[in-house]
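Down below is the structure, laid out as structure tokens.
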Amino acid sequence: MSFAAPSPEMPAVSRSPDLDTETVMFLMTEKCNLNCIYCYEAGRHKNPMSAEAIRNVIVQHMNRPGPANLSIDFFGGEPFLEFETIRAVVEWFHERDWPKGHRFTISTNGTLLNDEIKAWLAKWHRCVVPMLSLDGAPEAHNRNRSNSYDKIAPHIPFLRQYWPTQSFKMTIGPDTIGDVAAGVKHIHGLGMPVEASVIFEDVWGDAAERRSHLKTYEAQLRELVDFYAANPDLAVPQIVNRSIGALFVTREKGERWCGAGKYMSCYTPDGASYPCHRFAPLCSRRPAVDPYAEAVGERAASANCPGCALLGICPTCQGFNWEQNGDVDVRTDFHCAFFKLEVLATAKLTLKRLAGRMAILDADPDLATKVLGLKMLMDTDLHASVYAVQ
Numbered sequence: 001m002s003f004a005a006p007s008p009e010m011p012a013v014s015r016s017p018d019l020d021t022e023t024v025m026f027l028m029t030e031k032c033n034l035n036c037i038y039c040y041e042a043g044r045h046k047n048p049m050s051a052e053a054i055r056n057v058i059v060q061h062m063n064r065p066g067p068a069n070l071s072i073d074f075f076g077g078e079p080f081l082e083f084e085t086i087r088a089v090v091e092w093f094h095e096r097d098w099p100k101g102h103r104f105t106i107s108t109n110g111t112l113l114n115d116e117i118k119a120w121l122a123k124w125h126r127c128v129v130p131m132l133s134l135d136g137a138p139e140a141h142n143r144n145r146s147n148s149y150d151k152i153a154p155h156i157p158f159l160r161q162y163w164p165t166q167s168f169k170m171t172i173g174p175d176t177i178g179d180v181a182a183g184v185k186h187i188h189g190l191g192m193p194v195e196a197s198v199i200f201e202d203v204w205g206d207a208a209e210r211r212s213h214l215k216t217y218e219a220q221l222r223e224l225v226d227f228y229a230a231n232p233d234l235a236v237p238q239i240v241n242r243s244i245g246a247l248f249v250t251r252e253k254g255e256r257w258c259g260a261g262k263y264m265s266c267y268t269p270d271g272a273s274y275p276c277h278r279f280a281p282l283c284s285r286r287p288a289v290d291p292y293a294e295a296v297g298e299r300a301a302s303a304n305c306p307g308c309a310l311l312g313i314c315p316t317c318q319g320f321n322w323e324q325n326g327d328v329d330v331r332t333d334f335h336c337a338f339f340k341l342e343v344l345a346t347a348k349l350t351l352k353r354l355a356g357r358m359a360i361l362d363a364d365p366d367l368a369t370k371v372l373g374l375k376m377l378m379d380t381d382l383h384a385s386v387y388a389v390q
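In structure tokens form, the structure reads like this:
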């Protein structure tokens, strides 16, 4: 997704990997019209966020030094419950000139879209992006998300028309882990890319249940590796496209997985600011405004973490780390074995795609070195460690 430029005369600014973007999230409302089985949002209060409060925060962030782009994210609850406020803010914003590039995103379950909202979104589609959660094929989605598939399906052609490259968000939990491959293929069949992720929380049961889920997930990933190898033009989700190239790059000391607390902030209806939504009272049993005061940068909690070759690319949620361990840098590891399977699947897909293309490797010694590294990864005890579940 591109950013709208500071003025109409300037070309749009693309989001870059150097974090030249600050993200400001607004918890528009804590109310939601669904009751998803994996939802981590706990406290629910009725007061929505006001347009005036949002405008004041935007002015503040637009005028402070820092990244050249500002991503303004409307979050919830279900933010379209407060559509009139969103509309007022976006239209107010475009009556003024700003010193930074910008975009608006709206994280939504899609069930409240109607003709009025869609007409407005179409008008502003170049800088306002609805980000839909769709958990795969109808049966799996309905299992997770309150039987809402039929309320979303009529709007998918509209989303495809205006935002064809915006991935649908697919959440993987224990109730749908056996439907991952079918769900990914279903979303591609709708003409949309997909980004899937395994739940970070401790939802995977005891050791025997976890091993069963891992075996199921491994089979699902194997199916996806074959699918994407046969369909090289499709955008590949991160579950089979992990950044394994970064394993061969020296990692900066103290570097964190995301921009929470540095390039990201979240504002709640009561006016408080948090490093991201996972530190806010709605989403955490241990809310915190400044959890970084004593953080030192990437300490590892689990006995599985120290010395792990994948530590530099392993996703971790600082907010969930804080909730569980009281330290943003002490990692949880409920997702660890699932991530290892994703890395192995990524290596398999990469090698499949490079098979028979030795001329490319001969011409690129650096790539050849990385491929050798992938083969070494495949030959390690990484796979065995997946099932060493305590």
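Sequential numbering from 1 applies to the sequence shown in my numbering.
We treat Cβ as the ideally placed atom computed from N, Cα and C, and that holds for glycine.
- Ranked by Cα distance from residue 212, the options 68, 67, 337 and 169 are led by 337.
- With contact defined as three or more Cβ pairs closer than 8 Å, the segment 198-207 and the segment 167-180 are in contact.
- Here residue 137 is not near residue 101, since their CB atoms are 8 Å or more apart.
- Looking at the backbone, the Cα of residue 228 and that of residue 267 are separated by about 39 Å.
- Judged by DSSP in its simplified three-state form, residue 313 adopts helix.
- Cβ-Cβ distances below 7 Å link residue 271 to 53 in the same chain, with the five nearest sequence neighbours on each side left out; the list follows chain order.
- Linking residue 207 to residue 124 through their CA atoms gives a straight-line distance of about 49 Å.
- Judged by DSSP in its simplified three-state form, residue 38 adopts coil rather than helix or strand.
- Shown here, residue 149 sits in a helix according to DSSP, grouped into three states.
- The C-alpha of residue 237 lies about 12 Å from the C-alpha of residue 345.
- When only Cα atoms are considered, residue 93 and residue 156 end up about 28 Å apart.
- In this structure, DSSP gives residue 115 a helical state, which the three-state scheme calls helix.
- Shown here for residue 342: same chain residues with a beta carbon closer than 6 Å to its own, the five before and five after excluded, namely 239 and 242 in chain order.
- The shortest CA-to-CA distance from residue 145 to any of 130, 33 and 82 is the one to 33.
- Looking at the DSSP output, residue 130 bridges to 106.
- Per DSSP, the continuous alpha helix (DSSP H) segment holding residue 212 begins and ends at 207-230.
- DSSP places residue 23 in the strand class (E or B) of the three-state scheme.
- Your pair residue 187 and residue 134 checks out as a contact, with CB atoms roughly 6 Å apart and the cut at 8 Å.
- For the 8 Å CB-CB criterion, residue 129 and residue 161 do not form a contact.
- Looking from the CA of residue 59, the closest CA among 78, 36, 96 and 39 belongs to 96.
- In the DSSP annotation of this structure, the continuous segment of the beta strand (DSSP E) that includes residue 264 starts and ends at 264-267.
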